[in-house]
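Under the numbering used here, the letters of the sequence shown match residues 84 to 304, in that order. C-beta atoms are modelled at their ideal positions from N, C-alpha and C, and glycine is treated no differently. Note sheet for the following structure.
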Amino acid sequence: MPSIIIVEKVGSIKQVSIKSVVEADLYKKAGLKSADGFKCYTNWSVEHATRQYTISLYGKTTGRANYENKYEFPPPVDNTLFFGNCILIAKSVEGAIVDLTQDMWEKIYETLYGGFEDIGEEDSDSGCDSEAEEVGKRTKNGYVKDGFVVDDDDDEEDDDDDDEENEEDEDEDGYIPPAKKESKPKKTGSAKIKNAFELQNVQEDNYLDCTSELSEESYLD
84 MPSIIIVEKV
94 GSIKQVSIKS
104 VVEADLYKKA
114 GLKSADGFKC
124 YTNWSVEHAT
134 RQYTISLYGK
144 TTGRANYENK
154 YEFPPPVDNT
164 LFFGNCILIA
174 KSVEGAIVDL
184 TQDMWEKIYE
194 TLYGGFEDIG
204 EEDSDSGCDS
214 EAEEVGKRTK
224 NGYVKDGFVV
234 DDDDDEEDDD
244 DDDEENEEDE
254 DEDGYIPPAK
264 KESKPKKTGS
274 AKIKNAFELQ
284 NVQEDNYLDC
294 TSELSEESYL
304 D
């Protein structure tokens, strides 16, 4: 009794043994009521345990909503949406139906995807390399030198350069003395002007008085 693999719509796989494999009746093993749309969609030629096999996938690509098969099949049907359960069978080079166990399919599945272990190792190696590069690009304070973040030492050097440039600019411009305050004109005392006029009036009065006295004396003589 050969073994086949039933790929359930929920994404799990199940190994079952049947008395005989009749391709026209495989839809029944998938739990379908009719064979409409149920057919072979792809064949994988693989090597397992030094022997060549052909793995055939049977299923249907039409169906009702919520009946989509969630299993991820290898290329070239990795983007094909199947409905309901699917069937996997194995054939020898001569075309005879042979056992396809769950363990056998899992190893073949891994081979069809290129080997998951190798991909994982490559990713880990590249991750280590990238981490080493980042460590080499980090500052002493742990920051990454990405063109925007710099060391504290660089900041101090830039500050010193700026101070020197400012000092040079001040020397070139020269010393600018503070502006002198405008001196206000001294006020002329009104008292002095008044005294000058009073003095002049006094002198004129004296002159008139002298003249009057002389005239009186001449008249008496």
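- Using 10 angstroms around the beta-carbon of G30, count the other beta-carbons present and answer buried if the total reaches 16, otherwise exposed. A query on residue 30 cannot be resolved here, the shown segment of the chain reaching from 84 to 304 and no further.
- Task: Please classify A179: is it buried, with 16 or more other beta-carbons within 10 angstroms of its beta-carbon, or exposed?
- Result: The Cβ neighbour count for A179, taken over all protein chains shown within 10 Å, is under 16; the residue is labelled exposed.
- Query: Does the segment 175-190 come close enough to the segment 150-165 to have 3 or more Cβ pairs within less than 8 Å?
  - Reply: no
- Which of the three DSSP states, helix, strand or coil, is assigned to I88? strand
- Skipping 5 residues on each side, what residues in its chain have a beta carbon closer than 6 Å to that of K102? M84.
- Item | Between the CA atoms of L183 and T163 - distance to the nearest angstrom | 23 Å
- Considering only C-alpha positions, which residue in the set E151, I170, V129 is nearest to S86? I170
- Item | Alpha carbon of K97 to alpha carbon of L140, nearest angstrom | 14 Å
- Item | C-alpha gap between E91 and H131, whole angstroms | 24 Å
- Excluding five sequence neighbours on each side, which residues of the same chain lie with their C-beta closer than 7 Å to the C-beta of G146? F166, G167
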